[in-house]
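Residues in the sequence shown are numbered from 411 upward in steps of one, following the working numbering.
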Amino acid sequence: MNGEKKLTLFDERLKLQKPQCKFGILEICCRNCSMGPCRIIQTEKGSKKGVCGADEDTIVARNLLRKIAVGASAHSDHGRAVAETFIKVARKEAVGYEIKDEFKLIKLALELGIDINGKKIEEIAEKVGEICLFQFGQQEGQLIFTKRAPLKRQKIWAELGITPRGIDREVVEALHRTHMGTDQDYYNLMKQAQRCALSDGWGGSMIATDLQDILFGTPEPILGRVNFGVLNQDYVNIIVHGHEPLLSEMIVVAAEDPELINLAKQKGAKGINIGGICCTANEVLMRHGIPIIGNFLNQEMAITTGAVELMVVDVQCIMASLPEISSCFHTKIITTSEKAKIPGAIHVQFTEETALEKAKEIVKMAIENFENRKKEDVVIPETQMDLVGGFSYESIYYILGGRFRASYRPLNDNIINGKIRGIAGVVGCNNPKVAHDQIHLKLVSKLIENDVLVLQTGCSAIACAKAGFMDSVKGLDYAGKGLREVCEAVGIPPVIHMGSCVDNSRILMAATCVVKEGGLGDDISELPAAGCAPEWMSEKALSIGQYLVSSGLFIVFGVTWPTFGSKNLTKYLFEEIEKEVGGKWAFEDDPDKIADLMLKHIDEKRKKLGIDKARERVLYDMAMRRELE
Ligand code: NFS
Ligand code: SF4
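And the structure:
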């Protein structure tokens, strides 16, 4: 390290921000027009209205809707990029990419009503890509993938008038409604928030997941490793960070190029080692078993190991601090998206037409940087952990039912008989306001100990992988007896890695599959299931949370909650919304209490389904058995 420069990492920068603005925390400030900025001052004499007359309900709801629109945009613009690439691949305009999962392509084509008779794979793919791309600009009707939801759910959306029409349309309308002097009714604003979020979950994100699976392969269980120990002292270390696998997939291909491997050897390295951070890590783990270095709050620390030749990033969740930190080391930071540049980074513009060529160029830059590594500065923590990743909702069919009678039946049966108490989705980010990963770990360990099968995505999945919950042997030690028995029988860990944050669409589909399998009600809202993002920070998390709530689920958020400045809106989201959509929000920051809230919800749903007694019997049997033993 260059001794002169003082490095600040996220925790020190957070300290320097304190005390953080209370108006901001409560979301009771508005900067939507230049009569402001306005604040609602909650003291006797303070101002209760903005200059235009907007009160705290309007201001807080508008702020929330804007955040949800941004989150939905991030996922959906990712989905659009995948659809555009997909079409170019079908037209053979994108070098290096190919259609990997023809079976899923055909299945999707049939679902979209495409006549596949006598058509070549490329022709079918082009049509599929075009229909998906059209979803973004569609003006009327309903997004095509919302038809995948249980019928009862579609009816609820239709009656409330929140069925999403076109993805871009919902985002634009969200922004329009939050313009000064437009929609000022918090309830009405939340309707648009729901429609906008649904256009993410059942639209942009689902398109991203499905088309990525067809292009790069639908994940199947795969072994991987996680934590800083996967960086290798003797190799050229390249980190892929960000979100869209369009880039990272090509870096993976380039790193296997014999010429480049030879070049690395000529430079004194044993080879090329790739590791991932954030959702890109999840994408390349799910499909290639590429090791994960860490999650969101590990990104700066990864550079400080001094062992990273190059970090290549695309979009979202990339800290602006990376170039400055890397300037104390030899690490090169490469941005690749026209949409995301960072001062101080080197920009290599990535396009589908030249993807492989650019990927090779980037890998070569890393190799050539190997000799600049200061060996005496390298500190690689040894910690690493094994994990099983790669669970798509399709692969769950096969794992549970076997190749020849693929089905969710065994899962439903084990929920009904009480060995599995329920299902939890634990997802989302890290937030430096709480101890890194700790809330995820405490929450998930309590859930699995209580026989709840945990489905995961995003940075939360990486947190739990680091702790060993996804190791199919070690993970079982944390599980309750009923859950353990089922996991052992099918050979899965009690915590299931379903991918990146856009892959929360896989959780929607898994929940839908459970409903359609039968025996657990007719809608997602009837399932003994709940979700949580205990360390969230991103606007994407709010969009995800809202589409899960609007799909019928109970969702708990930790760290902070963005509507406490409005009693009415908070009451609506925490209570009243449940009567309309069957799902609702809650806030709780203590992991023990979050687990209790989720378990209580799961047990209430079991009771309503009339399967609470079954579980009591299982527990009673176990207690009796233990006594006999
Ligand atoms: Ni999700 Fe992925 Fe992580 Fe949060 Fe960011 S990487 S899209 S937003 S921080 S889980
Ligand atoms: Fe103030 Fe209203 Fe303008 Fe917001 S829209 S800044 S509350 S005047």
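Ideal Cβ positions, reconstructed from N, Cα and C, are used throughout, including at glycine.
Distance from the C-beta of Gln848 to the nearest heavy atom of ligand 1 is not below 7 Å.
In the DSSP assignment, Lys994 is bridged to Phe964.
Counting only runs of at least 4 residues, the stretch 485-556 fully encloses the following alpha helix (DSSP H) elements, listed from N- to C-terminal order: 512-521 and 531-547. If you ignore the 5 residues before and after Ile541, its C-beta comes within less than 6 Å of the C-beta of Leu522, all in its own chain and listed in chain order. DSSP, read as helix, strand or coil, puts Ala559 in coil. Counting only residues of its own chain and dropping the five nearest sequence neighbours on each side, Glu748 has a CB closer than 8 Å to the CB of Gln759.
The alpha-carbon of His850 is positioned some 13 Å away from that of Glu998. The C-alpha of Leu893 lies about 19 Å from the C-alpha of Ser805. Secondary structure note for Lys742: its beta strand (DSSP E) is the uninterrupted segment Lys742 to Thr745. DSSP links Leu633 through a beta bridge to Val798.
Fewer than three beta-carbon pairs drawn from the stretch 529-548 and the stretch 787-807 are found closer than 8 Å, and the two stretches are therefore not classed as touching. Separation of Gly613 and Thr556 (C-alpha to C-alpha, rounded to the nearest whole angstrom) is 7 Å. Fully contained in the stretch 871-953 are the following alpha helix (DSSP H) runs of length 4 or more, in chain order: 891-900 and 914-927. Judged by beta-carbon spacing, Thr690 lies within the 8 Å limit of His651, meaning their Cβ atoms are closer than that value. Proximity of the beta carbon of Ile438 to ligand 2 is not indicated: no heavy atom of the ligand is located closer than 7 Å. Per DSSP, Met721 is one residue of the beta strand (DSSP E) stretching across Leu720 to Val723. For Lys432, the closest alpha carbon among the candidates Ser444, Ile450 and Met445 is that of Ile450. Environment of ligand 2, chain-ordered: Cys440, Asn442, Cys443, Met445, Gly446, Cys448, Gly460, Val461, Cys462, Ala464 and Met590, taking every residue with Cβ within less than 5 Å of a heavy atom. The closest heavy atom of ligand 1 lies less than 7 Å from the beta carbon of Cys727. According to the DSSP secondary-structure assignment, Asn647 is paired through a beta bridge with Asn683.
For Ile451, the secondary structure class from DSSP, reduced to helix, strand or coil, is coil. For secondary structure counted as the beta strand (DSSP E) over 3 or more consecutive residues, the stretch 764-833 holds these complete runs in sequence order: 795-799.
Closest by C-alpha distance to Val505, out of Gln552, Ile728 and Thr761, is Thr761. Contact between the stretch 433-445 and the stretch 458-478 is present, with at least three C-beta pairs closer than 8 Å. In this model, Val718 and Gly704 are separated by some 14 Å (Cα to Cα).
The beta carbon of Phe974 sits closer than 7 Å to those of Leu436 and Thr980, all from its chain and outside the five residues before and after it, given in chain order. The beta carbon of Thr628 is closer than 6 Å to those of Asp511, Lys514, Ser802 and Glu804 in its chain, skipping five residues each way along the sequence. In terms of CA proximity to Glu945, Val844 leads the group Val844, Thr745 and Leu417. The beta carbon of Phe780 sits closer than 6 Å to those of Val646, Lys677, Ala679 and Glu719, all from its chain and outside the five residues before and after it, given in chain order. Shown here, Val480 sits in a helix according to DSSP, grouped into three states. In the three-state scheme derived from DSSP, where H, G and I count as helix and E and B as strand, Ala691 is classed as helix. Put simply, the backbone Cα of Glu569 is about 24 Å away from that of Ser615. Residue burial is scored here from C-beta neighbours: Gly571 has fewer than 16 other C-beta atoms within 10 angstroms and is therefore classed as exposed. Secondary structure note for Gly434: its alpha helix (DSSP H) is the uninterrupted segment Lys432 to Leu436. Per DSSP, the continuous beta strand (DSSP E) segment holding Leu863 begins and ends at Val862 to Gln866. Of the residues assessed, Asn672 falls on the exposed side of the cut-off, its CB having fewer than 16 other CB atoms within 10 angstroms.
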